[in-house]
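Enquirer: Each residue of the sequence shown is one higher than the last, beginning at 1 in the working numbering. Note that the Cβ used here is the ideal one computed from N, Cα and C, for glycine as well. Keep in mind that this is a model prediction, so the values were computed, not measured. Below is the structure I would like to discuss, written out as structure tokens.
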Amino acid sequence: MESVVGSPNRGRELKGGGWCCICNRRSYLISDAIGVCAECIGTHPDQAVRIAESAHAQARLRFALPPAPPRAAEGVRCGLCARECLIAEGDLGYCGLQTVREGRLKHLAGTADRGILHWYRDPLPTNCVADWVCSGSHQPGFHNLAVFYASCTLDCLFCQNWSFREVSPASSRGTTAAQLASAANPSTFCVCFFGGDPASQMPHALAAAQALAKKGVVVCWETAGTAHPKLMDRAVQISLETGGCVKFDLKAYHETLHIVLTGASNRRTLDNFARAAQRFNERPNPPLVVASTLLVPGYNDASEVGHIARFIADLNPDIPYALLGFAPRFYMSDLPCTSLDHAAKAEAAARTAGLANVHVTNRHLLSDNYMM
1 MESVVGSPNR
11 GRELKGGGWC
21 CICNRRSYLI
31 SDAIGVCAEC
41 IGTHPDQAVR
51 IAESAHAQAR
61 LRFALPPAPP
71 RAAEGVRCGL
81 CARECLIAEG
91 DLGYCGLQTV
101 REGRLKHLAG
111 TADRGILHWY
121 RDPLPTNCVA
131 DWVCSGSHQP
141 GFHNLAVFYA
151 SCTLDCLFCQ
161 NWSFREVSPA
171 SSRGTTAAQL
181 ASAANPSTFC
191 VCFFGGDPAS
201 QMPHALAAAQ
211 ALAKKGVVVC
221 WETAGTAHPK
231 LMDRAVQISL
241 ETGGCVKFDL
251 KAYHETLHIV
261 LTGASNRRTL
271 DNFARAAQRF
281 NERPNPPLVV
291 ASTLLVPGYN
301 DASEVGHIAR
311 FIADLNPDIP
321 YALLGFAPRF
331 YMSDLPCTSL
341 DHAAKAEAAA
351 RTAGLANVHV
361 TNRHLLSDNY
371 MM
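The following block contains the structure:
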């Protein structure tokens, strides 16, 4: 087993701990933002989901986003992602980018003509989720065109990049797919669409990706995999053809835990991942598909990682799997950084489940604050 090393984050003093509304237990590994512990999520799933749904609804009010995917009786369906919103006249879809005007779905952003995003040039090699296996890690002197979409189809209360929620689709200038593609220059080796999540603006991302592919740019994605399967298939195909990676963020294996953490089911994510994994052997090096999981203290423990890893290994044991160190962010800032012990046991569980290529990253975040 590869050893876990790093600079433990000893500067965070743990005080008090969060409280579980179900079992009344208090622990440093319970977040008050969620209000339930991992044990009760497993043993009292219906109650845990009700508590978490209330927490997600309250969190979204701060950003003027719908508290839940709209289900208007006479609503217009948006099929871009797994949320499949039914939007009434004048209301917003869950991601905040769709509305209905005069009885028709209107995309405020995410089309080829207007994406809400920012981009920057990230010198290679960089801290890509797949940095130990991707082709860009061997291209010093070149850069990655990092495309950060300011919208998402999930509601992760631990979001590590939550600032996108402060971007207003109505007042943002926006960027066309053609404008984004024109940012590539002779030093652009690869592009990565992430965010937020590109799933919420997939038509824009695909249009830009196709234009960049014609310029010889390697196309990569970092996504929770909630896009419509046909759109996800197109993304996988572009990466296959250009030598890029599709990096799936598998936030949990058990559906109830995924709902509690993100506000949504993971069925579409797992289905899309399985579809992409079936194509892994068409180009295993550099790997077409990479999986990752954020090691959220108290919630994504070694057992949960083991379940995710077995799911991956059953599809293809050679798929690379990254375990990401967690930093306290957003509403779950009351948790500690992932501990060295947590990371080591999660890595061991992933290897025991049958995966051949497991990597712990964000090691600089690992702490000595708790034992699993």
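(1) On the DSSP bridge assignment, give the partners of ASN358 in chain order.
(2) Can TYR331 and LEU65 be called in contact, C-beta distance under 8 Å?
(3) Looking only at its own chain, which residues have a Cβ that is under 8 Å from the Cβ of ARG12, when we skip the five neighbours before and after it?
(4) For GLN58, I'd like the list of residues in its chain whose CB is within less than 7 Å of its CB, leaving aside the five on either flank, ordered along the chain.
(5) Report the partner residues of TYR149 according to the DSSP bridge assignment.
(6) With a threshold of 7 Å on Cβ separation, who are the neighbours of TYR28 within its own chain once the five nearest residues in sequence on each side are excluded?
(7) Between which two residues does the beta strand (DSSP E) containing CYS85 stretch?
(8) Mind reading off the beta-carbon distance from CYS220 to GLY244? Whole number of angstroms is fine, and I expect it under 8 Å.
(9) Could you give the first and the last residue of the continuous alpha helix (DSSP H) run that contains CYS246?
(10) Distance, Cα to Cα, CYS21 vs ALA33?
(11) Can you check the segment 169-216 for any beta strand (DSSP E) of at least 3 residues that lies completely inside it and give the ranges in chain order?
(12) Could you give the DSSP three-state label for HIS307: helix, strand or coil?
(13) Should GLY225 go down as buried or exposed, given a rule of 16 or more other Cβ atoms within 10 Å for buried?
(14) Just curious, the alpha helix (DSSP H) that THR262 is in, first and last residue?
(15) What does a CB cutoff of less than 6 Å around VAL289 pick up in its chain, not counting 5 residues either side in sequence?
(16) Report the option in THR99, ALA146, PRO203 whose CA atom is closest to the CA atom of ARG121.
(17) Looking only at DSSP bridge pairs, what is PRO386 linked to?
(18) Thinking just about the alpha-carbon of each residue, which of GLN201, CYS159, ALA235, THR153 is nearest to the one in GLY174?
(19) Within the same chain, show all residues whose beta-carbon is closer than 6 Å to that of VAL236, passing over the 5 residues directly before and after it, in chain order.
(20) Can you tell me which of LEU212, PRO169, GLY136, HIS258 puts its alpha carbon nearest to the alpha carbon of VAL296?
(21) Would the segment 301-308 and the segment 262-271 be scored as touching if the rule is three or more Cβ pairs under 8 Å?
(22) Cutting at 8 Å between CB atoms, please list the residues of its own chain near ARG267, excluding the five before and the five after it.
(23) Is the separation between the beta-carbon of VAL191 and that of LEU212 shorter than 8 Å?
(24) Nearest-angstrom Cα distance between LEU340 and SER137?
(25) Can you tell me whether LYS215 is buried or exposed, with buried defined as 16 or more other CB within 10 angstroms of its CB?
(26) In three-state DSSP terms, what is HIS107?
(27) Which residue's Cα is closest to the Cα of PHE193: CYS85, GLN179, ALA208?
(28) From GLY75 to GLU102, what does the alpha carbon distance come to, in whole angstroms?
(29) Can you name, in chain order, every residue of its own chain whose Cβ lies under 6 Å from the Cβ of CYS85, other than the five neighbours on each side?
(30) How big is the Cα-Cα spacing for THR361 and ALA130?
(31) Going by other Cβ atoms of all chains shown within 10 Å of its Cβ, with 16 needed for buried, is SER7 buried or exposed?
(32) Closest to ALA302 by C-alpha separation, out of HIS56, ASN185, ALA349, would be which residue?
(33) Could you name the residues that DSSP lists as bridge partners for ALA291?
(34) Using DSSP with H/G/I as helix, E/B as strand and the rest coil, what is CYS40?
(35) Look at HIS393 and ALA322 and say whether their C-beta atoms are less than 8 Å apart.
(36) Got a sec? Which residues, its chain only, sit under 6 Å from THR242 by beta carbon, not counting five neighbours each side?
Expert: On the basis of the data shown:
(1) Here residue 358 turns out to be Val, not Asn, going by the sequence shown. DSSP, once it has assigned bridges, lists TYR321 as partnering VAL358.
(2) no
(3) Any reading at ARG12 must be qualified, since the residue scores a pLDDT of 48, below 50, and its modelled position is unreliable; no value is offered.
(4) none
(5) LEU117, GLY195
(6) Exclusion of the five residues before and after TYR28 leaves LEU14, GLY17, PRO336, TYR370 as the residues of its chain whose Cβ lies within less than 7 Å of its Cβ.
(7) That residue, CYS85, is in no beta strand (DSSP E); it is neither H nor E in DSSP.
(8) 4 Å
(9) A quick correction: the sequence has Val, not Cys, at residue 246. Segment 246-249 is the beta strand (DSSP E) holding VAL246; no alpha helix (DSSP H) there.
(10) In this model, CYS21 and ALA33 are separated by some 11 Å (Cα to Cα).
(11) 188-195
(12) Helix, per DSSP.
(13) By the neighbour-count rule (16 or more Cβ atoms within 10 Å), GLY225 is buried.
(14) Per DSSP, THR262 is one residue of the alpha helix (DSSP H) stretching across 255-262.
(15) VAL246, ALA276, ALA277, PHE280, ILE319
(16) Answer by Cα proximity: ALA146.
(17) Since the displayed the chain opens at 1 and closes at 372, residue 386 lies outside it and no answer follows.
(18) GLN201
(19) For VAL236, the CB contacts under 6 Å within the same chain, skipping 5 residues up- and downstream, are VAL246, ALA276 in chain order.
(20) Nearest option by C-alpha distance: HIS258.
(21) no
(22) ALA82, GLU255
(23) yes
(24) 25 Å
(25) That one is exposed.
(26) strand
(27) For the residues CYS85, GLN179, ALA208, the minimum Cα distance to PHE193 belongs to ALA208.
(28) Spanning the two alpha carbons is a distance of roughly 12 Å.
(29) PRO69, PRO70, CYS78, GLY93, TYR94
(30) ALA130 has its alpha-carbon roughly 9 Å from the corresponding atom of THR361.
(31) Low per-residue confidence applies at SER7: pLDDT is 36, beneath 50, and the placement is therefore not dependable enough to give any value.
(32) ALA349
(33) Answer is PHE248, TYR321, bridged to ALA291.
(34) helix
(35) Because the chain in this structure spans residues 1 to 372, residue 393 falls outside the shown range and cannot be described.
(36) ALA213, VAL218, VAL219
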